[in-house]
């Protein structure tokens, strides 16, 4: 018998707020998290892009210093979001061997790695910290969450670029349904706003160059979009079986009813212009949900604001929904948050859950003239989803041809 999986706790640290509710409120209010970067290295390296969407609350302001010192910023954000989600779930009492972790990152401890390289070059090998490798490894976030919460069922890591944390949610559901755990801490994190990553993304013409107007730089579906805005932060969700949640009297935000993971096998950075892999991920998620495309009431689009990516996603969804795609309320929340890479899927899953809870699709800010090749039903204002049962999907597509889609039903 298939087990119903529910969301009982939510946490986030993002460019819009230090908590999940703060982030949601700012998103609904049309706030942009993009700001000019106030770091010496911006001028030192003459970076062509001088802004990003940094997390609004710095980890060192939240975590105790001894804890923060042994964690890369990506792991710091993960711990902050997970602690909020755990408290939000009521800090459940659970057998450690029935508590699992599925957590993701697209890049991992890039700051630790590159700071250590600077130390090695400038001060020699004796000055490289012994914790460098444990801090930079991609599984550091999952490992540290396992340590902090005493999770002994398993602690798995996903690194599928921008699809990473949505893939972590899909696998968390599978682990719960397979009986590997009763509760799972799932999500993703990223802290990669670094001169190297900015230079690399800028070199491939992926970033917006609107240095004089950061707040309006990310403009998904607009005809004058010119690239994405880098973001940082983390999102965490507490998932458990419905039976376990109800037995302990937990509140339920939503049901996780389906997930799909596919690969394009097309290009290392570009997604398939025909959208075949992405379409199949949506179809798999809906099939697992036992739903038809006609039942979907809301979509959180991947929509990064790149000239190529946005129309490709539209094509992928049109393959599944046909002409109805033009009538489904869509939100492109990276317009507000920027792109959190490996953390973006978890944050957008949270926004999707809040949207079906409140029956309101959040606004897509910075809309100018909509691109006729991307005629999603987006709006600069919140869109009413109406009463009744809600079924929503959240899309994440990443470099390497990774596609992940997660589906939620209202509680």
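In the UniProt record's numbering, the protein residues as written are 1 to 411.
For every residue, glycine included, the Cβ atom is placed at its ideal position computed from N, Cα and C.
If you're wondering where the values come from, they're calculated on a predicted model, not measured in any experiment.
How is the beta strand (DSSP E) around residue i delimited, first residue to last?
i           : result
residue 300 : 298 to 300
residue 105 : 99 to 105
residue 391 : 391 to 398
residue 77  : Run containing residue 77: none in the beta strand (DSSP E); it sits in the alpha helix (DSSP H), 73 to 88.
residue 376 : Element bounds for residue 376: n/a, residue is neither H nor E.
residue 406 : 402 to 410
Mind checking residue i: buried by the 16 CB within 10 Å criterion, or exposed?
i           : result
residue 111 : buried
residue 1   : Because residue 1 sits at a pLDDT of 48, beneath the cut-off of 50, its placement in the model cannot be relied upon, and the point is left open.
residue 368 : exposed
residue 17  : buried
residue 253 : buried
residue 5   : buried
residue 310 : buried
residue 24  : buried
residue 205 : exposed
residue 45  : exposed
residue 7   : buried
residue 138 : buried
residue 286 : buried
residue 412 : Residue numbering for the chain in the displayed model covers 1 to 411; residue 412 lies beyond these limits and cannot be assessed.
residue 190 : buried
residue 223 : exposed
residue 272 : buried
residue 268 : exposed
residue 240 : buried
residue 388 : exposed
residue 303 : buried
residue 54  : buried
residue 126 : exposed
Suppose contacts are defined by Cβ-Cβ distances below 7 Å. Is residue i in contact with residue j by that definition?
i           : j           : result
residue 393 : residue 404 : no
residue 14  : residue 233 : yes
residue 383 : residue 410 : no
residue 348 : residue 364 : no
residue 66  : residue 150 : no
residue 188 : residue 156 : no
residue 62  : residue 173 : no
residue 183 : residue 94  : yes
residue 263 : residue 398 : no
residue 330 : residue 376 : yes
residue 420 : residue 337 : The requested residue 420 does not occur in the structure, where the chain is confined to residues 1 to 411.
residue 20  : residue 37  : no
residue 371 : residue 221 : yes
residue 41  : residue 195 : yes
residue 153 : residue 98  : yes
residue 418 : residue 165 : Outside the shown range of the chain, which is 1 to 411, sits residue 418, and nothing can be said about it.
residue 92  : residue 248 : yes
residue 104 : residue 258 : no
residue 3   : residue 288 : no
residue 335 : residue 238 : no
residue 228 : residue 339 : yes
Counting along the chain, where does the alpha helix (DSSP H) carrying residue i start and finish?
i           : result
residue 168 : 164 to 177
residue 345 : 344 to 358
residue 203 : 195 to 203
residue 279 : 276 to 289
residue 116 : 110 to 123
Exercise for the section: Count the C-beta pairs between the stretch 56 to 75 and the stretch 91 to 111 that are closer than 8 Å, then say yes if the count reaches three, no if not. Expected result: yes
Practice task
Kindly provide the ranges of any alpha helix (DSSP H) runs that are 4 or more residues long and lie completely inside the stretch 125 to 154, ordered along the chain.
Solution key: 132 to 136, 140 to 149
Practice task
Would you be able to state if there are at least three C-beta pairs under 8 Å between the stretch 315 to 332 and the stretch 263 to 282?
Solution key: yes
Exercise for the section: Identify every run of the beta strand (DSSP E) within the stretch 180 to 263, keeping only runs that are complete inside it and at least 3 residues long; order them along the chain. Expected result: 183 to 190, 233 to 241, 254 to 263
Practice task
Assess, as a yes-or-no matter, whether the stretch 204 to 218 is touched by the stretch 119 to 130 under the definition of 3 or more beta carbon pairs within less than 8 Å.
Solution key: no
Practice task
Starting from the N-terminal side, write out each stretch of the alpha helix (DSSP H) that is 4 residues or longer and does not extend beyond the stretch 315 to 341.
Solution key: 334 to 337
Handout entry: At least 3 beta-carbon pairs within less than 8 Å: the stretch 2 to 12 vs the stretch 84 to 93
Key = yes
Exercise for the section: Could you pull out every unbroken alpha helix (DSSP H) segment of at least 4 residues lying fully inside the stretch 9 to 65, listed in chain order? Expected result: 20 to 28, 40 to 44
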